[in-house]
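Have a look at the structure below before the remarks.
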Amino acid sequence: MTLDLMKMAILIPLISVICTAVIGGVIGFIFILLFKTTGLHEWGSVILGMALVVLVPAAAFLLQNYYDKQTATQTD
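Be aware that the sequence shown starts at 2, since it is given in the working numbering, and climbs by one per residue.
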C-alpha cells in the first residue's frame with residue numbers, strides 16, 4: 002500500500018511538470034509563428050496573449066456555473 006502511494010507521490014508532480022513544459026512550449030511556438038509569419042509581428046503575440054488572459058478565466062467561470070447548475074438540479 003505505501004509503495005503505491007510513494008509511486009503516486011512521485012508520478013503526479015512529474016506529470017504536472019511535463020504537462021506544464023509541453024503547454025508552455027506549444028504556446029511559445031505559436032507566439033514565434035505569429036511573430037514570423039503574420040504582418041502583425043509582435044502585436045500578433047500581444048493580441049493572442051491578451052485573448053488567453055481574458056478568455057481562459059471566462060471559460061472557466063462559465064464551465065463552473067454550468068456544472069454548479071447541473072449538480073444543483075440533480076440534488077433537488
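Virtual Cβ for every residue (Gly too), placed ideally from N, Cα, C.
Check: For Leu-35 and Ser-17, believed in contact at Cβ under 8 Å, the rounded distance; Outcome: The Cβ separation is near 27 Å, so there is no contact.
Check: For Gln-75 and Ile-33, the rounded distance between their alpha carbons; Outcome: 46 Å
Check: Residue range of the unbroken alpha helix (DSSP H) whose run includes Leu-41; Outcome: That residue, Leu-41, is in no alpha helix (DSSP H); it is neither H nor E in DSSP.
Check: Through-space distance from Met-9 to Thr-72, alpha-carbon basis; Outcome: 29 Å
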